[in-house]
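Below is one structure, written out as structure tokens; comments come after it.
Written as structure tokens, this is what we have:
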């Protein structure tokens, strides 16, 4: 799995969630996770979460750290399971790397990370004809978000370090999952 | 997903990791997670983890809480991802439900849960011709284990409550994963 | 499997055969079958049956009862097999619930239901990136159809009752098929 | 799909439900349906239906016509759907080819065919590592059956003719299903 | 597998690489390979090879023999493997059917055929929602190609004969591959 | 893909064609190709090629170079296609690396390599519950073979060099196939 932190800032508008984004825009071949900082504003035409579409949700933030994961040749169930694992990795990382929580605990509910009722992240996992893809983003600031949010600034953490660390943790998790499928005997 | 805590104690010897165990032995139809208490002693012929086979590992404990998960019609990659999610759910649950950690943090490494270098759990995910199956077990005591271990007794937690709670959490996670695959628009 | 009879009348024009139609337009999550009454007129751009496209077929009727079935995470072969089973269920239901046939027998040929050379139904099964989908429709009247047809009026049957009954029968069939995949031992 | 009526009589004991039975024992390559006449007695060790295993069912009959269907490279869901279609084809064929029913109707419930509470058939669909396989059998006589049964003798039908006809109908159904997956445009 | 040499000349512009091309434009149902002669000019919007897109490649030739292969219900890995086999079949055929090589050897590198550094062919394998498809083309002349090329004229071979022969060889290869999946016993 | 030439000589008796052979016996994790020298004698109970079973074939040779390929998470169709590609790679390699053919050409027919009617190789591709596996072997001598054979001695080639070279070529081919599935845009 290739990883890349893209140093240029740009907004996520949903158009990045298309197959081969990391390859065609950033030259990463194969399974990949990329990250960058930027605003978030997803027009209705690019929204893929049916729940958001039904709720006519507004999904936006002034500054977030975005992750796009692409894994080839897997079904959507696997993609959603990986999304939950990535959320879990982020939560555990943040919990152990900040002192700003004052003994409180972040928790994961499905693909979301919360502190009390403050939402840190947004995410969706979906399927292209050749891959499963995940968008996951965490607030860097609480500006411009339509709901009560938590941000990396609240946690006093530096975005790029967080992004690179969780990408490395996810790459390691992904590699070990693949290996675990290649060293087990089948059962009757 | 059906869940069941089996009140009868019996040892896990690897023979329980076969397709339809929950259905044929306990009447649970469809995807399921069952749990029970008992010793652990896996003879070489029932060992399916290639790494253990290569290492000629001894896998045993005097008293553990065992979980068997079975999910039909999925590939092994999905099975291993679910295994990691279950480990993550257990770790999070234990961390927030015990006061015996004194500010220390449990952590998950792949499918294992640790406190410092003390290992709480063992696990394997594998494939039958009709399903993927997971065995996951946590020490109830530290007696009879071949390595330095952590146990639910150390955490001062009651086994059956833990087992039923994490099974409910996993059922909820599984249901939401399935739903997440049924309400998302595909991408190009 | 969710079922719904939509009480509003509207024409089927092929645009309803898209993934998540039942979820996004009618709030049904997961595998589903929905039905409604309305005309049928499928412009060439929405036609998906290659045979119709080659034949430059005209597919229309003034009043039909339409069914849209969506099942996630299955291949097209399964979708076509389910389509045949649904046609079979409809045929059997109509045969045993009408007295208007005077001893004659309806028969199924692939996905079509006939009485002699009179065609009762049209159908197509196809694949979205996330699901397989089936459109199946039976004439309520014989008005506006381009070929010799049979209709529910000829059979003196009330449309909504028929629709709800066959949807319930299909839900039951689908549930039992799933269960049958979860209680059988594999063979060598 | 190859079809064969095996003229030699022999009992079905469950051992025939293994991959490549038609190829290794009768030289039929590829998807196939074979039929023969003989008794039925399935020892517990060859029983694959979990429901029968739980019920400690006795499955036997003195003379039945047996069918073994094998289709490669499909999942069990497809296999069970094909099993239901085969039961449906048999029921429709019998209904229209006998005069012995006196206006009564056979009906299909899942994979079984009944007249009132008399059971005509037994069936199971399962999975080998390389194929899905179906055993389906109808009573030729009512001798030796543990429950109230219907038989081809009751229907005054000649076994071999029935067997060859339903095999031809199934081959045609199977071919048309495959073709239907190869001439449809995908949808969004 | 159906094969067809289309006698009408027309240019390949990438639009032919869409599902059901052989069925909807030429009436071939099921897995197929078709061939025709014509120029090659692929606008950027029809280009599917990410490597070409990244390189802003110019893909053209004045006269080529084009092949479109479509196989249903397979993954892209299988499609790419078939593409390599087709390239291999073409290379072997040309090597043994021309005397113009003067003892030199053609070689295959992935999906390309070369003589020294002269490129004979272009190819891509991709995935539609219902099938995998391959475009493979060999130069008939060296006119209009942007790189150093080899052509069938250099090899003094008649295009239509070559095309029909390699299509027959590929059909035979495909048939034997399918058969090989239907006559082997599974292993533990 | 891992590759290994095993320096110890041992006979192939069919028992090596089981999942995880390279991992459990030689420590290679993941997709792999291993080779070794030794006799060949496959008892009936280990024979998996149905054609050989029907023909009651004798498969043996005094000294062959054996290859075992294992690829995880692929269907048998892919496995057979890879087998054909490996045969093709071996044939091309031998043709260009020997001077002993005196202008004659080796040819591949399915999974076999021939010179005129002399057979150089034997092969089978099959499926374990977790992988597809290929056995491919070429004669080192013509001693002990039941049919007219060709051997590496006839070609005056050194076995270990051949084995390592074709394993490297296959690894490269496999890697490029995987990459080709990860850089192509899907089509409609």
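Chains as they are written, first to last, in the numbering used here: chain A, 1 to 188; chain B, 189 to 376; chain C, 377 to 564; chain D, 565 to 752; chain E, 753 to 940; chain F, 941 to 1128. Virtual Cβ for every residue (Gly too), placed ideally from N, Cα, C. Small disclaimer: the values here were computed from a predicted structure and weren't measured.
For a contact defined as C-beta to C-beta under 7 Å, what are the partners of residue i on chain E?
i, result
"residue 593 of chain D", "931, 934, 935"
So what does residue i bridge to, in DSSP terms?
i, result
"residue 1052 of chain F", "F/1049"
"residue 362 of chain B", "In the DSSP output, where bridge partners are listed per residue, residue 362 of chain B has none listed."
"residue 414 of chain C", "C/440"
"residue 576 of chain D", "D/604"
"residue 1058 of chain F", "F/1055"
"residue 877 of chain E", "E/886"
"residue 195 of chain A", "Outside the modelled stretch of chain A, which goes from 1 to 188, sits residue 195 of chain A, for which no answer is possible."
"residue 525 of chain C", "C/495"
So with CB distances below 7 Å, who are the chain A contacts of residue i?
i, result
"residue 879 of chain E", "129, 130"
"residue 359 of chain B", "Residues of chain A passing the Cβ test: none, with the nearest at roughly 13 Å."
Give a yes or no on whether 8 Å exceeds the smallest Cβ distance from residue i to chain B.
i, result
"residue 964 of chain F", "yes"
"residue 581 of chain D", "no"
"residue 133 of chain A", "yes"
Answer yes or no: does any C-beta atom of chain C fall closer than 8 Å to that of residue i?
i, result
"residue 825 of chain E", "yes"
"residue 79 of chain A", "no"
"residue 231 of chain B", "no"
With respect to the beta strand (DSSP E) encompassing residue i, which residues constitute its N-terminal and C-terminal limits?
i, result
"residue 448 of chain C", "436-448"
"residue 465 of chain C", "Not the beta strand (DSSP E): residue 465 of chain C falls in the alpha helix (DSSP H), residues 452-473."
"residue 566 of chain D", "566-569"
"residue 891 of chain E", "883-891"
"residue 521 of chain C", "Run containing residue 521 of chain C: none; DSSP gives neither H nor E here."
Along chain E, which residues have their Cβ under 9 Å away from the Cβ of residue i?
i, result
"residue 20 of chain A", "802, 805"
Check whether the Cβ of residue i lies closer than 8 Å to any Cβ atom in chain E.
i, result
"residue 710 of chain D", "no"
What does residue i reach in chain C if we use C-beta pairs closer than 8 Å?
i, result
"residue 632 of chain D", "Here the premise fails: no neighbours, minimum Cβ distance about 11 Å."
Using a Cβ cut-off of 8 Å (strictly closer), state whether residue i contacts chain F.
i, result
"residue 308 of chain B", "no"
"residue 264 of chain B", "yes"
Does any CB atom of chain D fall closer than 8 Å to the CB of residue i?
i, result
"residue 415 of chain C", "no"
"residue 563 of chain C", "yes"
"residue 458 of chain C", "yes"
"residue 464 of chain C", "yes"
Run through chain D and tell me which residues come within less than 9 Å of residue i, C-beta to C-beta.
i, result
"residue 437 of chain C", "Those within 9 Å of residue 437 of chain C in chain D number zero; the least Cβ separation is about 21 Å."
Could you give the first and the last residue of the continuous alpha helix (DSSP H) run that contains residue i?
i, result
"residue 615 of chain D", "614-619"
"residue 586 of chain D", "585-590"
Using a Cβ cut-off of 7 Å, pull out every chain B residue sitting near residue i, in sequence order please.
i, result
"residue 96 of chain A", "293"
Mind listing the chain B neighbours of residue i? Cutoff is C-beta to C-beta under 8 Å, in chain order.
i, result
"residue 124 of chain A", "372"
Show which residues of chain F have a CB atom less than 8 Å away from the CB atom of residue i.
i, result
"residue 928 of chain E", "1050"
So residue i contacts chain A; which residues on that side make the cut at Cβ distance below 9 Å?
i, result
"residue 273 of chain B", "81, 84, 85, 88"
Between residue i and the ligand MG, is there a pair consisting of the residue's CB and a ligand heavy atom that are separated by less than 7 Å?
i, result
"residue 193 of chain B", "Absent from the structure shown: the ligand MG. Ligands present: none."
Would the region 470-478 of chain C count as touching the region 529-549 of chain C if we require 3 or more Cβ pairs under 8 Å? yes
Below 8 Å, how does it come out for the region 436-443 of chain C and the region 758-766 of chain E: are there three or more Cβ pairs, yes or no? no
Sufficient close CB pairs (3 or more, under 8 Å) joining the region 866-881 of chain E to the region 891-904 of chain E: yes
Does the region 638-654 of chain D come close enough to the region 442-454 of chain C that 3 or more CB-CB pairs lie under 8 Å? yes
Three or more C-beta pairs below 8 Å linking the region 986-994 of chain F and the region 885-895 of chain E: no
Does the region 395-414 of chain C come close enough to the region 541-548 of chain C that 3 or more CB-CB pairs lie under 8 Å? yes
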